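The opening position of the sequence shown corresponds to residue 32 in our numbering, with each subsequent residue numbered one higher.
Just so you know, even glycine gets a beta-carbon here, dropped at the ideal spot from N, CA and C.
Everything numeric in this text was worked out from a predicted model, so none of it was measured.
Following: one structure in structure tokens, then a few remarks.
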Amino acid sequence: MDTSKIDAIIERNNSDETAILAILQDIQGVFNYLPREAMEYVAKKMEVPFSRIAALATFFSSFALEERGKHIVTVCMGTACHVRGAPRVLEEIERELDIKNGETTEDKNFTIETVNCVGACALGPLVIVNGDYHGNISTSGVADMINQYKPDAQA
Ligand code: FES
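Pasting the structure below:
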């Protein structure tokens with residue numbers, strides 16, 4: 032693990048114990064999840080018990096403790112999106128990527144997640160990929176949407 036990035040994050044936060052949450056968030060921003068090794072490193076470097084770091088990481092649901100893909104495909108399953116076909120869109124994404132909701136592709140390129148309403152109901156059914164909103168998505172539009180994020184498309 033490249034600890035220089037973690038060192039820089041800790042330094043940026045002035046090694047301040049009260050900033051542990053911000054430090055963990057920044058680390059997740061770098062690795063796309065919160066590796067246990069990184070949490071252990073932070074604990075050692077900041078002389079904070081590992082149990083404290085782990086408790087924070089498990090308390091806040093925004094932290095992902097399992098490795099995730101480079102692209103996070105988030106399908107909104109809130110009521111408005113649900114009635115507009117979100118379950119069928121989710122099924123199509125699962126079929127397209129050959130993984131189930133919550134899983135990551137073998138090449139670590141995609142992870143599928145679901146969320147309950149992000150407050151953009153008029154766009155339903157809505158899929159968010161790395162923060163890009165794909166509104167009013169239909170099952171027939173799923174393949175094109177996914178292809179935009181495949182490595183070949185980004186070369
Ligand atoms: S239900 Fe999907 S954005 Fe509100």
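query = Would the beta-carbon of residue 151 be found less than 7 Å away from any heavy atom of the ligand FES?
reply = Working through the sequence shown from its first residue, we reach residue 151 at position 120. True, at least one ligand heavy atom lies under 7 Å from that Cβ.
ask   = Tell me which same chain residues have a C-beta within less than 7 Å of the C-beta of residue 170, skipping the five on either side of it?
value = Here residue 170 corresponds to residue number 139 of the sequence shown, with the count starting at 1. Within the same chain, residue 170 has close Cβ partners 119, 120 and 123.
query = Can you give the Cα-Cα distance for residue 183 and residue 158, rounded to whole angstroms?
reply = Counted from its first residue, the sequence shown places residue 183 at position 152. Counted from its first residue, the sequence shown places residue 158 at position 127. Taking the straight line from one Cα to the other gives about 21 Å.
message = Considering only DSSP beta bridges, list what residue 158 is partnered with.
response = In the sequence shown, residue 158 corresponds to position 127, counting from 1. Residue 158 is bridged to 106 and 165.
Length of the line joining the Cα atoms of residue 70 and residue 78 = To locate residue 70, count along the sequence shown from 1; it is residue 39. To locate residue 78, count along the sequence shown from 1; it is residue 47. About 12 Å.
inquiry  = Under 7 Å: does the beta carbon of residue 110 sit that close to some heavy atom of the ligand FES?
reply    = Stepping through the sequence shown from its first residue, residue 110 is reached at position 79. Yes.
key: residue 41 - partner residues in DSSP beta bridges   = For the purposes of this step, residue 41 is taken as the residue at position 10 of the sequence shown. DSSP, once it has assigned bridges, lists no residue as partnering residue 41.
query = What does DSSP give as the partner residues of residue 143 in its beta bridges?
reply = Walking along the sequence shown from the start, residue 143 turns up at place 112. Answer is 104.
request  = Tell me where the alpha helix (DSSP H) around residue 32 begins and ends.
outcome  = Locating residue 32 in the sequence shown gives position 1, where the first residue counts as 1. First-last for residue 32: undefined, no H or E at that position.
request  = Specify whether the region 46-55 and the region 75-93 touch according to this definition: at least 3 beta carbon pairs, one from each stretch, less than 8 Å apart.
outcome  = yes
query = Would the beta-carbon of residue 148 fall within 8 Å of that of residue 109?
reply = The residue you call residue 148 lines up with position 117 of the sequence shown. The residue you call residue 109 lines up with position 78 of the sequence shown. Yes, these two residues count as a Cβ contact at 8 Å.
inquiry  = Below 8 Å, how does it come out for the region 35-44 and the region 80-89: are there three or more Cβ pairs, yes or no?
reply    = no
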